[in-house]
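J.: In this note's numbering, the protein residues as written are 2 to 160. Below is the structure I would like to discuss, written out as C-alpha cells.
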C-alpha cells in the first residue's frame, strides 16, 4: 500500500529517488542499518505523533532519542505517539514503513537537527522492507518539512 503512494509522491514532485526493496525486514533501525550496510545513526526513523489539533511526523537520526522537554517546549504539548493500530489509517504506511513521503493526509513534517551530521540518510519508503537514500540538504524541499530540535544531545557525540 504505502510504497505505491511513495513512488507516486516522488513522480508527482519530480524527485528522482530510487526505492530500495529488501528480501528481509528493515522495519527497525538495526535491521535497516544491516540491510543497507550503514551505521544505525544514518537511518532516518520517522515517528508519528498526535497533538490536540493535528497529527505530525518527526524524522530523526536512528540513534537519537526524543527529549520530552524539548518536544513540549517546541510544540506546547506532551509527546503522544499515534498507536500502532492507527498508523496506517493516519499516515498511509504500516508499522516499520512510516516515512515523510506520500502521506495519506495532510500531516505536518518535522525534521530533527540530529539528521544534519550526515550527508545522506535512509528513511523507510512506505513498507517495512524498503528504504530510500536522501541527501540531508534536500530533505526540507522534498518533504515540505521544517527543522526542529526535539532530540537529546546526550551520547550522540560518541557516534
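The beta carbon of each residue, even a glycine, is placed where N, CA and C say it ideally should be. Note that this is a predicted model, so its numbers are computed, not measured.
Assuming residue 162 contacts residue 108 under a Cβ cut-off of 8 Å, what Cβ separation, rounded to an integer in Å, is found between them?
T.: Nothing can be reported for residue 162: it is not among the residues displayed for the chain, which extend from 2 to 160.
J.: Quick one: residues in its chain with C-beta nearer than 6 Å to the C-beta of residue 3, no 5 flanking neighbours on either side, listed in chain order?
T.: These residues qualify, in order along the chain: 93, 94, 98, 127 and 128.
J.: Does the count of Cβ pairs from the region 63-80 and the region 137-154 closer than 8 Å reach three?
T.: The answer is yes - the region 137-154 touches the region 63-80, with three or more Cβ pairs under 8 Å.
J.: I'd like to know if the region 113-120 and the region 20-29 are in contact, where contact means that at least 3 CB-CB pairs between them fall below 8 Å.
T.: No: the two stretches stay apart, fewer than three of their Cβ pairs being nearer than 8 Å.
J.: Residues in the same chain with beta-carbon distance under 8 Å from residue 88, minus the five sequence neighbours each way, listed in chain order, please.
T.: Here the set comprises 49, 94, 95, 96 and 99.
J.: Secondary structure at residue 69, three-state DSSP: helix, strand or coil?
T.: Here residue 69 sits in helix by DSSP.
J.: Return the first residue and the last residue of the alpha helix (DSSP H) that residue 10 is part of.
T.: Where residue 10 is concerned, the enclosing alpha helix (DSSP H) stretches over 3-13.
J.: Runs of 4 residues minimum, wholly inside the region 21-59: which ones carry the alpha helix (DSSP H) assignment?
T.: List check, alpha helix (DSSP H) in window: 30-37.
J.: Could you give the DSSP three-state label for residue 113: helix, strand or coil?
T.: Looking at residue 113 - three-state DSSP - the assignment turns out to be strand.
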